[in-house]
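First to last, the sequence lines map onto chains A and B.
First residue of the first sequence? That's 2 in my numbering, and the numbers climb one at a time after it.
First residue of the second sequence? That's 32 in my numbering, and the numbers climb one at a time after it.
Using N, Cα and C, we set each Cβ at its ideal position, and we do this for glycine too.
Have a look at the structure below before the remarks.
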Amino acid sequence: MTAETFEPLDPVIHSPLRLAVLSILLSARQADFGFLKKATEATDGNLSTHLAKLEDAGYIRVKKSFREKKSLTTCVLTDKGRAAFGRYLKALESYLPVRAKKP
Amino acid sequence: MNDDQAREDIRIIKAMLDKTRRAATESGTLFIVWGVLITLALAGTWVLGLLKEYRWEWAVWVGVTVVGWVFSAVYGYRRDRKSEVKTYAQIAARHLYIACGAGFLLVGIVLPRLGAYSHEAISILVSVVSGILFFVMGGLYEWPLLRVFGLVWWAGAAGLTLVKDNDRILLYTVLFVVAYLLPVCILRAKYKREQSRT
């Protein structure tokens with residue numbers, strides 16, 4: 002495989018933490034900050050920074066509300082984010098070696 | 032990026048999808064509560080049958096249904112408020128529970144009370160709705176065993192047509208233990224196993 006056949010990876014998604022967040026939101030309609038933190042094992046500050054990047058790119062929507070007098074941050078994948086994630090997966094495939102054909 | 036980094040990305044995606052799926056596993060609590068209520072109602076119906084007091088059977092089932100629906104509504108509301116993640120499978124499952132709940136209410140109480148058919152047909156029709164519930168749940172939670180229990184319910188519905196009166200109630204009770212209580216116990220065990228892995 003030559004370098005020309007590799008598809009470029011979206012720099013917004015190409016980070017382990019942002020990729021992890023988008024993967025969760027792909028199968029979940031919404032996820033709380035607490036769940037994202039627990040699942041990704043990230044710190045509050047780190048996760049907030051990466052969520053902000055995803056939100057700025059329009060890939061996720063962050064909703065702030067209150068639950069039992071405590072602030073609640075909920076994240077939802079947008080259509081733009083879903084499409085970008087699909088493109089990222091397709092691009093990722095081009096980096097994996099093609100299985101050798103049986104003679 | 033090289034092959035190894037691409038594989039690492041795929042590992043992250045798989046791990047996150049798995050964590051999300053585990054977090055959204057059905058706890059089975061509602062099924063257990065309904066199981067207990069229906070067992071009580073079946074026992075009540077059977078006893079009323081022995082006493083030839085058929086006219087009170089509807090009251091037993093209405094009572095059980097009201098208690099069940101109130102508990103389900105309160106439990107569902109509280110679980111929704113507490114849940115950290117809401118998956119598409121959970122949303123579809125909730126709609127399935129509501130649809131089947133309405134189905135049970137209609138075929139088990141409302142329609143026979145309106146004279147649409149004899150109360151003898153209730154257990155047969157309830158079995159058909161139960162089959163739909165378990166079969167679709169098996170698809171939603173990607174669990175083939177639940178689909179098998181759906182098929183057992185449908186086979187049981189056909190089998191119930193072969194017996195009558197109190198024998199039908201007795202056969203339905205056996206069907207209920209095998210095709211409802213058994214999968215619910217397995218569901219609960221699976222939930223506890225998934226939670227311990229989280």
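- Not a single C-beta of chain A is nearer than 8 angstroms to the C-beta of B/E173.
- Neighbours of B/Y119 in chain A, taken as residues whose beta carbon is under 9 angstroms from its own, are S28, A29 and R30 in chain order.
- Interface residue (Cβ-Cβ distance to chain A less than 8 angstroms): B/D111 is not classified as such.
- For the 8 angstroms CB-CB criterion, A/L55 and A/R19 form a contact.
- Legend: CB atoms of the segment 34-66 of chain B lying less than 9 angstroms from CB atoms of chain A belong to residues D34, Q36, A37, R38, E39, D40, I41, I43, I44, K45, A46, M47, L48, K50, T51, R52, A54 and A55.
- The DSSP-derived three-state label of A/S49 is helix.
- If you compare the alpha carbons of B/A220, B/K223 and B/L212 with that of B/L68, the shortest gap goes to B/L212.
- Under the Cβ criterion (8 angstroms, minimum of three pairs), the segment 5-13 of chain A does not count as touching the segment 31-40 of chain A.
- Against chain B, a Cβ distance below 7 angstroms from A/F67 picks out nothing, because the smallest value is about 12 angstroms.
- Inter-residue distance for B/A90 and B/R53 is about 40 angstroms (C-alpha atoms, whole angstroms).
- With respect to the C-alpha of B/L71, the residue from B/N33, B/Q121 and B/V208 having the closest C-alpha is B/V208.
- Using a C-beta cut-off of 8 angstroms, the segment 102-113 of chain B makes no contact with the segment 44-53 of chain B, since fewer than three inter-stretch Cβ pairs fall below that distance.
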